[in-house]
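Asker:
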Amino acid sequence: MVGGVEEQLTVGRVAELAGVSVRALHHYDEIGLVRPSARTAAGYRAYAAGDVERLREVLAYRRLGFGLREIAELVDDPATDAVARLRRMRGLLLEQRDRTAAMVTAIDGELEARAMGIRTTPEEQLKVFGARLYDAIGADYPATRRTEPRIAARVWDALGDARTVLNVGAGTGSYEPPDREVTAVEPSAVMRAQRPRGAARCVAASAESLPFADLSFDAAMAFSTVHHWRDPIAGLREMRRVARRVVVFTHDAGDAGWRHRFWLTRDYLPEVAGLVADRPPVDRLARAIGARMEPVLIPWDCADGFFEAYWRRPEAYLDEQVRRAVSVWTRVGPEAERRAVEGLREDLSSGRWAERNRDLVDLDAAELGLRLLVA
Ligand SMILES: C[S@@+](CC[C@H](N)C(=O)[O-])C[C@H]1O[C@@H](n2cnc3c(N)ncnc32)[C@H](O)[C@@H]1O
């Protein structure tokens, strides 16, 4: 028993104060999530101060939409102290508030547009989901997205002798180094649920608000995720704050050259230009964290099916499964996708693609604007 009689609350009183049902509290008790550990003078089970603190955490995560199993992992996380837990919860709540505000703004915009007889584009409609795009499309990710060993070697090499590594926007964990102590951060529940058994501990949070104290890790890495962040510069600065070294693999959104070099965007999917128009160019990202920048060539037989991966295997883009694992295809909308795929199919069967891209056949690796930033 921690304190005096007033500090213990009966199940009924807790239910009343917290606005939850007694049934829910009994359920949490039965599954071992929150157990009232004290007794009232009359011998009834009661919640002590520590139980209430735990319940508050559970209810906040409930409100944020987490499942009970995931909540159990979060509240039992031995690696986090009370302040770090409050910071994490605060970050998640702020993110939810921002996302809700963004959704209201987007819906207001759509109402206004509709009143003027204008239909919103698929891209605008998807923007409503913000960082949770991967909750909508993430289930198709693991089919073709996996570690490309040659690119992984570059990233792991850049991590130097870091023993503890934070992987931000970790997804299913494709590029997590197997020989270091990794902590993952991933905001999408769908992506977290697909992490393989035995994968590194994964925290539900966003790059822009990392729930860790300054310099908690030797290194922080982010692979193929920065272009999804609401505020890439803020996210990179957060990585800089929590780690001594930062390694980022991303593409150059600002350089029109790569779009022209890559036949898929140049000849079939010019809409990609619109998707990256408001993204900061890679040199601005590098400057924000004082990083050096190295080009990363894409091998012709790249094992990870990201957007540019099949530059020498054009038939792959006709495969629905390949496209569904890359957000670009969802973001451009079904009309642009259908047109691009049909155009490519025709050009492949007529020999036009081969004629136009004759110079690619002999290349083993291509420079398509992918960059490694190391700070
Ligand atoms: C293309 S996937 C890359 C996943 C993983 N790094 C990999 O290489 O397989 C992009 C990931 O970024 C995550 N993401 C989106 N917004 C984010 C944010 N603000 N902070 C951190 N991660 C974010 C998505 O949920 C998704 O899992």
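Take the sequence shown: its position 219, counted from the start at 1, is 375 in this note's numbering, and no numbers get skipped.
Using N, Cα and C, we set each Cβ at its ideal position, and we do this for glycine too.
It should be emphasised that the depicted structure is a prediction, and the values quoted were computed from it without experimental measurement.
(1) Short of 7 Å in beta carbon distance, which residues of its chain neighbour Gly-446, apart from the five on each side in sequence? Order them along the chain.
(2) Under 8 Å, with one C-beta from each stretch per pair, do the region 416 to 426 and the region 376 to 396 reach the 3-pair mark?
(3) With burial defined as no fewer than 16 other Cβ atoms inside 10 Å of the residue's Cβ, what is the status of Gln-164: buried or exposed?
(4) Which same chain residues, not among the five before or five after Val-346, have their C-beta less than 7 Å away from its C-beta?
(5) Exposed or buried, which one is Ser-506 when buried takes at least 16 other CB atoms within 10 Å?
(6) So, is Ile-263 buried or exposed, given that buried needs 16 or more other C-beta atoms within 10 angstroms?
(7) Taking the alpha carbon of Arg-243 as the point to measure from, which residue in Arg-302, Trp-385, Phe-368 has its own alpha carbon closest?
(8) Taking the runs of the beta strand (DSSP E) that are 3 residues or longer, which of them lie wholly in the region 355 to 428?
(9) Measuring straight from C-alpha to C-alpha, what distance separates Ala-287 and Phe-379?
(10) DSSP on Met-272, reduced to helix/strand/coil?
(11) From the DSSP output, in three-state form, read off Val-432 for me.
(12) Should Met-347 be listed as close to ligand 1, given that the test is whether its C-beta is under 7 Å from any heavy atom?
(13) For Thr-320, which three-state DSSP category applies?
(14) Is Arg-386 near ligand 1, with its Cβ less than 7 Å from a heavy atom?
(15) Taking 7 Å as the line, does the beta carbon of Thr-339 fall inside it for any heavy atom of ligand 1?
(16) Would you kindly check if the distance between the Cβ of Ala-318 and the Cβ of Asp-374 is under 8 Å?
(17) Output the distance between the C-alpha atoms of Arg-480 and Val-214, rounded to the nearest integer angstrom.
(18) In its own chain, which residues sit with a C-beta less than 6 Å from the C-beta of Trp-419, not counting the 5 before and 5 after it?
(19) Are the beta-carbon atoms of Leu-528 and Arg-487 separated by less than 8 Å?
(20) For a quick check, are the C-beta atoms of Leu-211 and Val-239 less than 8 Å apart?
(21) At 4 residues or longer, what runs of the alpha helix (DSSP H) sit wholly inside the region 225 to 251?
(22) At what residues does the alpha helix (DSSP H) containing Leu-526 begin and finish?
(23) Given a threshold of 16 other Cβ atoms within 10 Å of its Cβ, counted over all protein chains shown, does Tyr-200 qualify as buried or as exposed?
(24) Which value, in whole angstroms, describes the spacing of the CA atoms of Tyr-466 and Cys-458?
(25) If you draw a straight line from the C-alpha of Asp-313 to the C-alpha of Val-382, how long is it?
Answerer: Walking through what the data contain:
(1) For the purposes of this step, residue 446 is identified with residue 290 of the sequence shown, where counting begins at 1. Around Gly-446: Ala-531.
(2) no
(3) If you number the sequence shown from 1, residue 164 lands on position 8. Classification of Gln-164: buried, given that the 10 Å Cβ count is 16 or more.
(4) Numbered from its first residue, the sequence shown carries residue 346 at position 190. Hits under 7 Å: Tyr-290, Asp-291, Gly-294, Ala-295.
(5) Looking up residue 506 in the sequence shown gives position 350. Exposed, by the Cβ-count rule.
(6) Residue 263 sits at position 107 when you count from the first residue of the sequence shown. Flag for Ile-263 reads exposed.
(7) Within the sequence shown, numbered from 1, the residue matching residue 243 stands at position 87. Taking only the C-alpha atoms, the option nearest Arg-243 is Phe-368.
(8) 357 to 359, 373 to 379, 399 to 407
(9) As a working mapping, residue 287 is identified with position 131 in the sequence shown. As a working mapping, residue 379 is identified with position 223 in the sequence shown. Any reading at Ala-287 must be qualified, since the residue scores a pLDDT of 48, below 50, and its modelled position is unreliable; the value itself is stated next. Cα to Cα, Ala-287 sits roughly 16 Å from Phe-379.
(10) Residue mapping note: residue 272 aligns to position 116 of the sequence shown, counting from 1. Residue state, collapsed to three classes: coil.
(11) Translated into the one-based positions of the sequence shown, residue 432 becomes position 276. Helix.
(12) Along the sequence shown, read from residue 1 onward, the residue named residue 347 stands at position 191. Flag set: Cβ of Met-347 near ligand 1.
(13) Along the sequence shown, read from residue 1 onward, the residue named residue 320 stands at position 164. Three-state result, Thr-320: strand.
(14) What you label residue 386 is simply residue 230 of the sequence shown in a count that begins at 1. It does: the Cβ of Arg-386 is within 7 Å (strictly closer) of some heavy atom of ligand 1.
(15) Taking the first residue of the sequence shown as position 1, residue 339 is located at position 183. Outside the cutoff, so no.
(16) Your numbering for residue 374 matches position 218 in the sequence shown. Your numbering for residue 318 matches position 162 in the sequence shown. Yes, these two residues count as a Cβ contact at 8 Å.
(17) Taking the sequence shown and counting its residues from 1, the one referred to as residue 480 is at position 324. Taking the sequence shown and counting its residues from 1, the one referred to as residue 214 is at position 58. The straight-line gap from Cα to Cα measures roughly 34 Å.
(18) Residue numbering aside, residue 419 sits at position 263 when the sequence shown is read from its first letter. Around Trp-419: Asn-513.
(19) Taking the sequence shown and counting its residues from 1, one reaches residue 528 at position 372. Taking the sequence shown and counting its residues from 1, one reaches residue 487 at position 331. Not in contact: Leu-528 and Arg-487 (Cβ atoms no closer than 8 Å).
(20) Here residue 211 is taken as the residue at index 55 of the sequence shown, counted from 1. Here residue 239 is taken as the residue at index 83 of the sequence shown, counted from 1. No.
(21) none
(22) By one-based count along the sequence shown, residue 526 stands at place 370. Premise fails: Leu-526 lies in the beta strand (DSSP E), 526 to 530, not in any alpha helix (DSSP H).
(23) In the sequence shown, counting from the first residue as 1, residue 200 sits at position 44. Tyr-200 is exposed by the Cβ-count criterion.
(24) Taking the first residue of the sequence shown as position 1, residue 466 is located at position 310. Taking the first residue of the sequence shown as position 1, residue 458 is located at position 302. C-alpha separation (whole angstroms): 7 Å.
(25) Within the sequence shown, numbered from 1, the residue matching residue 313 stands at position 157. Within the sequence shown, numbered from 1, the residue matching residue 382 stands at position 226. Answer to the nearest angstrom: the Cα atoms are 20 Å apart.
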